[in-house]
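**Student:** One structure, as structure tokens, below. Some questions next.
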Ligand code: SF4
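In the working numbering, the protein residues as written are 3 to 399.
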């Protein structure tokens, strides 16, 4: 396939624009190639409990039926691995597992997947005496043995703590983390990997991927805006970042992260495919930069790790309750679990992250308290009122 995938027209003008895919290596994920020699693939993740095999297989099928090229499953325990082995028997989908702190799980999951994602920021928490480079070598050895692809998945909400402290700008810290881990893999002679650099801010996603495209020639890029939230805003944020990157030829695979009920998870694939099709047809529906005009709700797409099934409903209730505050310049984060909840709520004006029987509420990064699922929405409203009347106030646009 040629590097040039299509000709497009911008905004109805007569000027034609040639989209030239940035030249990247071919990374093999089972029988799929990620890279400029292939189509831009779309991915999603199961939101079901992995140990609920029936529900997870059903979710995989739903995503596959809508054209998902790769489907991610969360694995955190031995019992999750046992469930994965059973799921593997029931599906032919290309599966990817993301490792959190437990990097050694790589060996157990490898026979059942085509790809493993690891987060450099999560390799520092456990086994602190083992050098990170050694942990990466362990993962690479497993990937080699089982002919798997890897994704270095850098996330602004869970950066390597030392880098986050050293670098003032999270973009610099994230790029430095990527540079280090690309170095580890390349030193080991391992090239079957892709890189993702994700943030909940579409502008950060644009800026960092433009820089990564220059800094890391040939490395395929996986695009994603984390915690983009519910529709329609989740699609709008993803479109802003992806349209602006795809038109520059940047991006080899993508995931649109949306907070959706399980039965509607396929919309992540639908929206992703629609964005690609629109860009290549010259239809641009978003804007050059994301401008926060008023209320900004970020919420995670949920996954097997979600602490309470009420999470999606909670996110929807927060959106409904806050509709009267839509003109306030305020960021509210709603997160499903303790894995990314504490970090991703740090930068929000008000942040909620779910525990099994309560919701943690934070104001400007500080814990206000823990509230039941019944109390939390009213308490959040109270906090918005307090912030509105405080000296810091909430600037109306
Ligand atoms: S915050 Fe937790 S529940 Fe939400 S997507 Fe991330 S890992 Fe899954």
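Glycine included, every Cβ here is placed at the ideal spot set by N, Cα and C.
Being a predicted model, the structure only gives us computed values, none of them experimental.
Where are the alpha helix (DSSP H) runs, 4 residues long or more, that stay fully inside the segment 129-179, in chain order?
**Tutor:** 134-148 and 163-168
**Student:** Could you tell me which of 122, 314 and 301 sits nearest to residue 176, measuring between CA atoms?
**Tutor:** Cα-wise, what sits closest to residue 176 is 122.
**Student:** Hey, residue 420 and residue 72 are a contact pair by Cβ (cut 8 Å); roughly how many whole angstroms apart?
**Tutor:** It is not possible to answer for residue 420, since the shown part of the chain is limited to 3 through 399.
**Student:** Residue 84 to residue 308, Cα distance in whole Å?
**Tutor:** Their Cα atoms are separated by approximately 19 Å.
**Student:** Compute every distance between the C-beta of residue 302 and the non-hydrogen atoms of the ligand SF4, then say whether any falls below 7 Å.
**Tutor:** yes
**Student:** Mapping the DSSP letters down to three states, classify residue 295 as helix, strand or coil.
**Tutor:** Reduced to three states, the DSSP call for residue 295 is coil.
**Student:** In the structure shown, what three-state DSSP assignment does residue 378 receive?
**Tutor:** helix
**Student:** Looking only at its chain, what residues have a beta carbon closer than 6 Å to the beta carbon of residue 240, apart from the 5 residues adjacent to it on each side?
**Tutor:** Once the five neighbours on either side are set aside, the close Cβ partners of residue 240 are 227, 230 and 258.
**Student:** Measuring CA to CA, which of 262, 54 and 206 is closest to residue 426?
**Tutor:** Shown here, the chain extends from 3 to 399; a query on residue 426 therefore has no answer.
**Student:** Check residue 384 in the structure and name its three-state DSSP category.
**Tutor:** helix
**Student:** By DSSP, does residue 220 sit in helix, in strand, or in coil?
**Tutor:** strand
**Student:** Please state the DSSP three-state secondary structure of residue 205.
**Tutor:** helix
**Student:** For the 8 Å Cβ check, are there 3 or more pairs between the segment 134-151 and the segment 102-119?
**Tutor:** Three or more beta-carbon pairs drawn from the segment 134-151 and the segment 102-119 are found closer than 8 Å, and the two stretches are therefore classed as touching.
**Student:** Any idea which residues DSSP pairs residue 332 with across the strands?
**Tutor:** Answer is none; residue 332 lacks a bridge partner.
**Student:** Can you list, in chain order, the stretches of the beta strand (DSSP E) that have 3 or more residues and sit fully within the segment 28-114?
**Tutor:** 29-31, 34-36, 43-47, 72-76 and 97-101
**Student:** Can you give me the start and stop residues for the beta strand (DSSP E) that residue 362 sits inside?
**Tutor:** 361-365
**Student:** Whose CA, out of 305, 334 and 283, lies closest to the CA of residue 417?
**Tutor:** Given a span of 3 to 399 for the chain in the structure shown, any question on residue 417 remains unanswerable.
**Student:** Indicate whether residue 323 and residue 364 have their beta-carbon atoms separated by less than 8 Å.
**Tutor:** no
**Student:** Using 10 angstroms around the beta-carbon of residue 130, count the other beta-carbons present and answer buried if the total reaches 16, otherwise exposed.
**Tutor:** Result: exposed.
**Student:** Flag residue 153 as yes when its Cβ comes closer than 7 Å to any non-hydrogen atom of the ligand SF4, and as no otherwise.
**Tutor:** no
**Student:** My understanding is that residue 214 touches residue 199, with C-beta atoms under 8 Å, so please give their C-beta distance in whole angstroms.
**Tutor:** Taking 8 Å as the upper bound for CB-CB distance, residue 214 and residue 199 are in contact here, some 6 Å apart.
**Student:** Mind the definition here: the segment 285-295 touches the segment 344-351 only if three or more C-beta pairs lie below 8 Å; say whether that holds.
**Tutor:** no
**Student:** So, are the CB atoms of residue 194 and residue 336 less than 8 Å apart?
**Tutor:** With respect to residue 336, residue 194 sits apart: the two C-beta atoms are not nearer than 8 Å.
**Student:** What does the alpha-carbon distance come out to for the pair residue 87 and residue 133?
**Tutor:** Going from the Cα of residue 87 to the Cα of residue 133 covers about 30 Å.
**Student:** Can you tell which of 93, 41, 377 and 370 has the C-alpha that lies nearest to the C-alpha of residue 316?
**Tutor:** 377
**Student:** Can you tell me whether residue 391 is helix, strand or coil according to DSSP?
**Tutor:** helix
**Student:** Which whole-angstrom value is the C-beta distance of residue 387 and residue 26, which I expect to be below 8 Å?
**Tutor:** Under the criterion of beta carbons closer than 8 Å, residue 387 and residue 26 do not qualify as touching, at roughly 50 Å.
**Student:** Taking 7 Å as the cut-off, is the C-beta of residue 341 nearer than that to any heavy atom in the ligand SF4?
**Tutor:** yes
**Student:** Straight-line CA distance for residue 167 to residue 345?
**Tutor:** 14 Å
**Student:** At what residues does the beta strand (DSSP E) containing residue 368 begin and finish?
**Tutor:** Looking at the DSSP string, the run of the beta strand (DSSP E) that includes residue 368 is 368-373.
**Student:** If residue 274 sits next to residue 44, beta carbons under 8 Å apart, how far is it from one beta carbon to the other, in whole angstroms?
**Tutor:** 4 Å
**Student:** Could you check whether residue 155 and residue 120 sit closer than 8 Å to each other, using their CB atoms as the reference points?
**Tutor:** yes
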